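Trainee:
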Amino acid sequence: MASPRAQAIRTLHQQWCGLFDAPGADAEAILRRTFQDCRQALESLQSELLALNYPVESMLFASTSLPQRIARLEQALGAPIPLSLACFWQEVGGVSLVSLGDYLHLDFWQEQGLADACCDGLYIEALHADAEDYFLSEWEDFQDSPEEFYLPLSPDAHHKDDVSGGASYGLRVQRGQSDVLTPWLGYEGSAAEQDWGQAFDFVGYLRWSLLVHAGFPGFAAEAAFAPIRDRLLSRVEVF
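Here the sequence shown stands for residues 13 to 251, numbered as in the numbering used here.
Encoded structure:
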């Protein structure tokens, strides 16, 4: 069952989804405005985390040479990049609330009494040279797979905390379809979807992670995180 906080943000999200059904709706303009507000929310969250001495100094990352990289990906994949992702890359870039590589965030959360759960800190890969190469490599490895290809945009909760886990989170790429409300893959049938109350699309996932759980949904059931979450969200405006 969805929490009251999740219900409120989900209602906002459902109203937002309805904007795309209006006659003459400009989907790209709606998405770009939304992600501009999302970036402001992320900047506010980043400021609060740094005030707590959270050990991840660089949390927002720029995408580079975006039109050219998207064009090369679309040519290789034979399908359009989801519009929501393209607009996110343009307006936000990428985000990481975890310190992949040295995993310094683990010690921080242990000091807060939160060592028993994976934080599942928000992570969305920016589109830069290394990411482009990675996506193309994944596409090459995928060729003989019977599954539908999706862009791996984030490690799963376990891998974010340096523990063996499952498949990456990401967005499916489909021929002939550049979906505004592309499903976010990786949480199907999970307690996270129960908390949100429906399957995630990309923007819904961002709202749930950021606006409901302050970017760390893995701590949703942890009482010790509640006061930290409230402080982190104190200056974060909904988007």
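For every residue, glycine included, the Cβ atom is placed at its ideal position computed from N, Cα and C. It should be emphasised that the depicted structure is a prediction, and the values quoted were computed from it without experimental measurement.
What number of angstroms, rounded off, separates the C-alpha of residue 78 from the C-alpha of residue 102?
Mentor: Translated into the one-based positions of the sequence shown, residue 78 becomes position 66. Translated into the one-based positions of the sequence shown, residue 102 becomes position 90. Looking at the two C-alpha atoms, the distance is approximately 7 Å.
Trainee: Starting from residue 215 and walking both ways along the alpha helix (DSSP H), at which residues does that stretch end?
Mentor: Taking the sequence shown and counting its residues from 1, one reaches residue 215 at position 203. Run containing residue 215: 214-219, per the alpha helix (DSSP H) assignment.
Trainee: Roughly how many angstroms lie between the CA atoms of residue 57 and residue 93, to the nearest whole one?
Mentor: The residue given as residue 57 occupies position 45 in the sequence shown. The residue given as residue 93 occupies position 81 in the sequence shown. Computed Cα separation, rounded: 28 Å.
Trainee: Taking the C-alpha atoms as reference points, what is the distance between residue 51 and residue 45?
Mentor: Start at 1 with the first residue of the sequence shown, and residue 51 comes out as number 39. Start at 1 with the first residue of the sequence shown, and residue 45 comes out as number 33. Each residue's alpha carbon lies about 10 Å from the other.
Trainee: What does residue 195 pair with, by DSSP beta-bridge criteria?
Mentor: The sequence position of residue 195 within the sequence shown is 183, counting from 1. According to DSSP, residue 195 bridges with 213.
Trainee: For residue 126, which residues from the same chain have a beta carbon less than 8 Å from its beta carbon, with the 5 sequence-adjacent residues on both sides left out?
Mentor: On the sequence shown, position 114 is the one that residue 126 refers to. Around residue 126: 231, 234, 236, 237.
Trainee: Hey, quick one: how far does the beta strand (DSSP E) through residue 149 stretch, first residue to last?
Mentor: Locating residue 149 in the sequence shown gives position 137, counting from the first residue. First-last for residue 149: 141-154, but that is the alpha helix (DSSP H), not the beta strand (DSSP E).
Trainee: Could you check where the alpha helix (DSSP H) with residue 59 kicks off and where it finishes?
Mentor: By one-based count along the sequence shown, residue 59 stands at place 47. It spans 39-63 - the alpha helix (DSSP H) in which residue 59 sits, taken as one unbroken run.
Trainee: Who are the near neighbours of residue 197 in its chain, counting only those whose CB is closer than 6 Å to its CB and skipping five residues on each side?
Mentor: Position 185 of the sequence shown, counting from 1, holds the residue named residue 197. Result list for residue 197: 162, 182, in chain order.
Trainee: Does the beta-carbon of residue 194 have 16 or more other beta-carbons within 10 angstroms, so that it is buried, or is it exposed?
Mentor: Residue 194 sits at position 182 when you count from the first residue of the sequence shown. Residue 194 should be labelled buried.
Trainee: Pick out the complete alpha helix (DSSP H) segments inside the region 80-129, 4 residues or longer, and give them in chain order.
Mentor: Here the runs fully enclosed are 95-103, 117-123.
Trainee: Would residue 228 and residue 131 be called neighbours here (beta carbons separated by less than 7 Å)?
Mentor: The residue labelled residue 228 in the question sits at position 216 within the sequence shown. The residue labelled residue 131 in the question sits at position 119 within the sequence shown. Yes, Cβ-Cβ distance for residue 228 and residue 131 is below 7 Å.
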